[in-house]
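Trainee: In the working numbering, the protein residues as written are 6 to 260. In this text, a Cβ means the ideal position worked out from N, Cα and C, and glycines have one as well. The model shown is predicted, which means the values in this text are computed figures rather than measured ones.
1. Going by the CB atoms, is the gap between residue 141 and residue 211 shorter than 8 Å?
2. For residue 57 and residue 51, what's the separation of their Cα atoms in angstroms?
3. How about residue 196 and residue 155: do their beta carbons lie closer than 8 Å?
4. With DSSP run on the structure shown, which of helix, strand or coil describes residue 82?
5. May I have the straight-line CA-CA distance separating residue 170 from residue 53, to the nearest angstrom?
6. What are the boundary residues of the beta strand (DSSP E) that includes residue 214?
7. With a Cβ-Cβ cutoff of 8 Å, do residue 1 and residue 25 count as a contact?
8. Counting only the same chain and skipping the five closest in sequence on each side, list residues whose C-beta sits under 8 Å from that of residue 253.
9. Just to confirm my understanding: we take residue 188, look at its own chain, exclude 5 residues before and 5 after, and list those with CB closer than 7 Å. What are they?
10. So is residue 69 buried or exposed if we call it buried at 16+ other beta carbons inside 10 Å?
11. May I ask you to verify whether the stretch 241-253 touches the stretch 91-100, counting CB pairs closer than 8 Å and requiring at least 3?
12. Is residue 160 near residue 147, with beta carbons less than 8 Å apart?
13. In whole angstroms, what is the alpha-carbon distance linking residue 72 and residue 66?
14. Report buried or exposed for residue 259, applying the criterion of at least 16 other Cβ atoms within 10 angstroms of its Cβ.
15. Within a Cβ cutoff of 7 Å, which residues of the same chain sit near residue 19, ignoring the five residues on either side of it in sequence?
16. For residue 108 and residue 90, what's the separation of their Cα atoms in angstroms?
17. Pull up the distance between the alpha-carbon of residue 165 and that of residue 86, whole angstroms please.
18. Determine the direct distance from the alpha carbon of residue 222 to that of residue 127, and round the result to whole angstroms.
19. In this structure, how does DSSP classify residue 274 when only helix, strand and coil are distinguished?
20. Hey, would you say residue 38 sits closer than 8 Å to residue 98, going by beta carbons?
21. Can you list, in chain order, the residues of its chain with a C-beta nearer than 7 Å to that of residue 235? Leave out the 5 residues immediately preceding and following it.
22. With DSSP collapsed to three states, give me the class of residue 251.
Right, here's the structure in full:
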């Protein structure tokens with residue numbers, strides 16, 4: 006069931022979104038060569054704790070997972086696409102790092118992700134990240150009253166295909182509000198003019214995930230969470246929580 010939010014609810018989600026943005030910013034500023042991934046998680050935990058927010062990631066267990074997620078952020082490095090579990094891996098110069106974070110504050114939730122390079126980028130990394138960000142911007146621009154979910158999906162898909170990148174077909178964006186994952190789903194593949202109609206008050210998490218090697222397949226790691234590219238190529242993930250409004254899309258997860 007799709008819940009259309011009131012303007013007051015969207016304002017409350019904006020406050021949760023500020024917490025997410027602060028946690029992502031802190032993790033990015035903290036990331037450095039030699040740092041363990043679990044230290045980035047500790048940084049994000051402190052931001053949530055100071056804000057009085059709860060993590061919707063910690064303890065989350067969807068149908069595909071063998072165990073509850075043990076952290077407040079996902080950290081996906083190099084050929085990891087999404088859902089990376091932050092552990093003892095130490096960051097190296099040139100690593101491409103995707104960080105995904107959510108926060109629940111006063112009963113409302115927001116979710117966002119960013120990808121960046123630690124140290125010196127490898128050939129193609131900057132283009133991969135910039136193109137994924139451009140796809141996110143294209144998806145957001147299509148999120149207007151009168152359009153449909155398929156218009157968002159098609160906008161993201163077009164950027165990926167023009168650049169020759171792949172995307173994992175089984176994963177994409179989603180509705181969001183009282184819970185992290187709500188209806189409707191927001192695929193990264195689709196046809197314009199199809200799917201759920203966009204109305205004022207609909208809140209969505211839009212999240213392109215691009216694979217540099219161009220294939221859409223993925224492999225699941227032994228931890229049951231982390232998705233890896235099939236060819237070892239690098240990946241990037243960008244996400245914002247947005248609201249559909251009569252005045253255009255409103256991004257809820259900015260600083």
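Mentor: Taking the geometry as given:
1. Closer than 8 Å, so yes.
2. Separation of residue 57 and residue 51 (C-alpha to C-alpha, rounded to the nearest whole angstrom) is 10 Å.
3. The answer is yes: Cβ separation under 8 Å.
4. Correct three-state label for residue 82: strand.
5. Going by C-alpha positions, residue 170 is about 34 Å away from residue 53.
6. Residue 214 -> beta strand (DSSP E) spans 214-216.
7. Residue 1 falls outside the range modelled here, since the chain spans only 6 to 260, and no answer is possible.
8. Same-chain partners within the cutoff: 149.
9. 6, 7 and 180.
10. It is exposed - the Cβ of residue 69 has fewer than 16 other Cβ atoms within 10 Å.
11. No, the stretch 241-253 does not touch the stretch 91-100.
12. Judged by beta-carbon spacing, residue 147 lies within the 8 Å limit of residue 160, meaning their Cβ atoms are closer than that value.
13. If you draw a straight line from the Cα of residue 72 to the Cα of residue 66, it is about 6 Å long.
14. Answer is exposed; the Cβ neighbour count stays below 16.
15. Hits under 7 Å: 257.
16. Cα to Cα, the separation comes out at about 17 Å.
17. Answer to the nearest angstrom: the Cα atoms are 15 Å apart.
18. Using only the alpha carbons, I get a separation of about 23 Å.
19. Since the first and last residues shown for the chain are 6 and 260, residue 274 lies out of range.
20. Yes, the pair counts as a contact, with Cβ atoms nearer than the cut-off.
21. If we look at residue 235 and ignore the five residues flanking it on each side, its Cβ neighbours are 220, 222, 223 and 224.
22. In the displayed model, residue 251 falls within coil according to three-state DSSP, outside both helix and strand.
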